[in-house]
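Each number in my numbering comes from the position in the sequence shown (counting from 1) with 6 added on. Glycine residues also receive a C-beta, built at the ideal position from the N, C-alpha and C atoms. Each remark here refers to the structure printed beneath this line.
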Amino acid sequence: MGAFRVVLTPWRYKYIVSGENKKGCFFCEYIGRPEADGENLVFYRGRYSIGLLNKYPYMWGHVMVAPYKHVGDLDELTDEELAGLLREAYMVKSAVMAATGCEDVLMGINVGRAAGAGVEAHLHIHIIPRCREIDPNTPPEELDRLLRRYRDELARLWS
Numbered sequence: 007m008g009a010f011r012v013v014l015t016p017w018r019y020k021y022i023v024s025g026e027n028k029k030g031c032f033f034c035e036y037i038g039r040p041e042a043d044g045e046n047l048v049f050y051r052g053r054y055s056i057g058l059l060n061k062y063p064y065m066w067g068h069v070m071v072a073p074y075k076h077v078g079d080l081d082e083l084t085d086e087e088l089a090g091l092l093r094e095a096y097m098v099k100s101a102v103m104a105a106t107g108c109e110d111v112l113m114g115i116n117v118g119r120a121a122g123a124g125v126e127a128h129l130h131i132h133i134i135p136r137c138r139e140i141d142p143n144t145p146p147e148e149l150d151r152l153l154r155r156y157r158d159e160l161a162r163l164w165s
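This is the structure in structure tokens:
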């Protein structure tokens, strides 16, 4: 098990105790409020999904891609929605790798509370670049620059 490493993320405690995950579905809220994309850290809106920076990341640059459709599992999507979601998640992953310079990335889906899903009712794909430890004191300006780089890379990849 030498390949596994414990990642300490004490700043995630704010999310755990905030009750934010009990206030309803923030993915659905963000989907319905495109005018607040900057505030909500949404950097991508595709045909099937949105991409956003995780406010309580495991690692620096951690993003999530969520389908517009409010479902808790992949099998609740149509074949078209599933293919579109995965295609868009792949494009976001490519943008994350290009913008961060990371060659390694984790992609994962937690289905159900026991599997680690913080938002059980709305499926989402985690994309986590693995080349830099996150500093909990990262200034907001750096996150703004990262959002711009993600948007720029997606625009380049989609053109």
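What are the residues that DSSP puts in a beta bridge with ARG51?
Beta-bridge pairing links ARG51 to ILE56.
What is the DSSP secondary structure of ALA95, counted as helix, strand or coil?
DSSP places ALA95 in helix when its eight states are reduced to three.
Give the single residue among LEU80, TYR74 and ARG151 whose Cα lies nearest to the Cα of GLY52.
It is TYR74 whose Cα lies nearest to the Cα of GLY52.
Among the residues of its own chain, which have a CB less than 7 Å from the CB of ILE134, if the five just before and after it don't count?
Only TYR64, MET65, HIS68, VAL111 and LEU112 meet the Cβ criterion.
Contact check, LYS94 vs CYS137 under 8 Å by CB: the rounded distance?
Per the sequence shown, the amino acid found at residue 94 is Glu instead of Lys. Not quite, the Cβ-Cβ distance comes to about 23 Å (not below 8 Å), so this is no contact.
Grouping DSSP H, G and I as helix and E and B as strand, with all else coil, what is GLY114?
Reduced to three states, the DSSP call for GLY114 is strand.
Check whether the Cβ atoms of GLY90 and GLU126 sit closer than 7 Å, and answer yes or no.
No, the Cβ-Cβ distance between GLY90 and GLU126 is not below 7 Å.
Taking the DSSP output, what are the residues bridged to VAL71?
GLY57 and ILE131, per the DSSP bridge assignment.
Classify VAL102 as helix, strand or coil using the three-state DSSP reduction.
Helix at VAL102.
Compute the distance between the beta-carbons of VAL72 and GLU159, then report whether it is under 7 Å.
Correcting the residue type first, residue 72 is Ala in the shown sequence and not Val. Cβ atoms of ALA72 and GLU159: not closer than 7 Å.
For HIS132, tell me which candidate among ARG162, TRP164 and SER55 has the shortest Cα-Cα distance.
If we check each option's Cα against that of HIS132, SER55 comes out closest.
Per DSSP, what kind of secondary structure is CYS108 in: helix, strand or coil?
Reduced to three states, the DSSP call for CYS108 is coil.
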